[in-house]
Amino acid sequence: MIELFNEYILPLIFIALKVVCITLPLLLCVAYLTYAERRVIGLMQLRRGPNVVGPFGLLQPIADAVKLMFKEVIVPTPASKVVFILAPMITFVLSLIGWAVIPFDTGLVLSDMNVGVLYVLAVSSLGVYGIIMAGWASNSKYAFLGAIRSSAQMISYEVSMGLVIVNVLLVTGTLNLTEIVEYQRNMPLWIHILLAPMAVVFFISVLAETNRLPFDLPEAESELVAGYNVEYSSMSFALFFLGEYANMILVSAMTVTFFMGGYLPPFGIGFLHFLPGFIWFILKVCFLLFVFLWIRATLPRYRYDQLMHLGWKVFLPLTLFWVVLTASLLVVTGNLP
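Read in order, the letters of the sequence shown correspond to residues 483 to 819 in my numbering.
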């Protein structure tokens, strides 16, 4: 009995504790990212933002959560009820399970699998299903149009995201995210410069992937009245909302891992090692999240044809060319992993 406990039960308890230690702080970060967004955009637009509930408005996310929990869940009469309820759950769960392979520090990762990159790509690709299900199950023309636009947008930019990641894989020669970070510890400067344009393309692509401004076309109020989630209310709407913000944090963590050294000190500066690796990781993710908010406060919304033109006629040829360029330079210089 003791051997059974040590072999099967104890490892499951440790995994459950790790999951809790990742999920609870992530949910807290998602809640306060909404507060940070409202405050940052308020400051950029010379207005106050939330400042009433609690000191400096810090209890506003908790007040919003309580309000949504006590609202009535309204399911439209013509909706497909099971799919309608499942859609926000799928979106929210998928935004959490991607964190299983993200390395927060040396050895600090839930599952250090050798195909971590494929896992992250697979999870991010599945996100489109929750949106399609929500638009179709609502039985509303506006929700369905929003879902179609969102799915086309996400699929279009996943192509360029995948090709950008191919550049990283060519350089590092591994699908393990921890090994990708460790390779950047001593990566030559010319490879950093080579990957810099791809980092910009990747970040713009994840803006489109997460339906954030200037690419929030599925929620264009002038045409679609909030898009695929227009029929949702209460906690079902909150799950979509939480899923969107959790995805923002996840794609920021992916960008940091692939291009910004993950948990390593910035620019490889030795004396910055006095801070633990996970602190550098969090600071880098916070910087990218600030850029998300900065872009929302600054740029106007694209037209849908401009969005598709950028994805298929600019990013796709550019990333294809960059894959060939990267492979050629690695062969010529003898830096193939």
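Positions of the beta carbon are idealized from the N, C-alpha and C atoms, including for glycine.
{"Query": "Coarse secondary structure for D787, derived from DSSP in three states", "Result": "helix"}
{"Query": "Beta carbon proximity, L724 to chain B, threshold 8 Å", "Result": "Of the protein chains in this structure there is only one, and it is not chain B."}
{"Query": "For S593, the nearest candidate out of D587, V583, Y601 and L652 (CA to CA)", "Result": "V583"}
{"Query": "Close beta carbons around L541, own chain, < 7 Å, minus the five adjacent residues each side", "Result": "V535"}
{"Query": "Residue span of the alpha helix (DSSP H) that contains T559, given as start and end", "Result": "Note, T559: premise wrong, no alpha helix (DSSP H); not H, not E."}
{"Query": "F740, buried or exposed, once every other Cβ within 10 Å from all chains shown has been counted against 16", "Result": "buried"}
{"Query": "Beta-carbon contacts of A547 that lie in its chain and below 6 Å, excluding the five residues immediately before and after", "Result": "none"}
{"Query": "Identity of the residue in A619, I731 and A629 nearest V564 by Cα", "Result": "A619"}
{"Query": "Given M636 as reference, the closest of L676, V805, T808 and L792 once Cα atoms are compared", "Result": "L792"}
{"Query": "G589 versus L578 - alpha carbon distance", "Result": "20 Å"}
{"Query": "Through-space distance from V641 to K795, alpha-carbon basis", "Result": "12 Å"}
{"Query": "Beta-bridge pairing of L590 - partner residues as DSSP gives them", "Result": "D587"}
{"Query": "Cα-Cα separation, M790 to I495", "Result": "47 Å"}
{"Query": "Cβ neighbours of G598 in the same chain (closer than 7 Å, five flanking residues each side left out)", "Result": "V583, L657, N658 and L659"}
{"Query": "Nearest to L629 (by Cα), restricted to the options M680, I613 and V522", "Result": "In the sequence as displayed, the identity of residue 629 is Ala instead of Leu. Nearest C-alpha to A629: I613."}
{"Query": "Three-state secondary structure assigned by DSSP to T660", "Result": "helix"}
{"Query": "Neighbour-count burial assignment, M736, 16 or more Cβ in a 10 Å radius", "Result": "buried"}
{"Query": "Assigned exposure category for M551 - 16 Cβ within 10 Å defines buried", "Result": "exposed"}
{"Query": "Alpha-carbon spacing of L781 relative to K553, whole angstroms", "Result": "33 Å"}
{"Query": "Nearest neighbour of E561, chosen from A625, F586 and Y517 [CA to CA]", "Result": "Going by the sequence as given, residue 561 is Ala instead of Glu. Looking at the Cα atoms, A625 is the closest of the given residues."}
{"Query": "Span of the alpha helix (DSSP H) around S642", "Result": "K623 to T654"}
{"Query": "Residue from L506, D787 and F797 with nearest C-alpha to I686", "Result": "F797"}
{"Query": "Y727 versus G743, T815 and P543, residue with shortest Cα-Cα distance", "Result": "P543"}
{"Query": "S715: first and last residue of the uninterrupted alpha helix (DSSP H) it sits in", "Result": "No alpha helix (DSSP H) contains S715, which DSSP labels as neither H nor E."}
{"Query": "With 16 other Cβ atoms within 10 Å as the buried cut-off, status of K766", "Result": "buried"}
{"Query": "Best match in A681, L721 and K623 for proximity to I572 [C-alpha to C-alpha]", "Result": "L721"}
{"Query": "Selection from P493, F574, I497 and V814 that minimises the alpha carbon distance to M717", "Result": "F574"}
{"Query": "Closest Cα partner of V805 within the set N596, V522, L677 and A690", "Result": "L677"}
{"Query": "Ordered list of alpha helix (DSSP H) runs contained in the region 491–526, each at least 4 residues", "Result": "492–526"}
{"Query": "DSSP-derived helix/strand/coil call for V688", "Result": "helix"}
{"Query": "CA-to-CA distance, V653 to G524, given in whole angstroms", "Result": "41 Å"}
{"Query": "First and last residue of the uninterrupted alpha helix (DSSP H) at V773", "Result": "G759 to T780"}
{"Query": "Exposure label - Q666; buried when at least 16 CB within 10 Å", "Result": "buried"}
{"Query": "Y665 in three-state terms, based on DSSP", "Result": "helix"}
{"Query": "Range of the contiguous alpha helix (DSSP H) that encloses K549", "Result": "Q542 to F552"}
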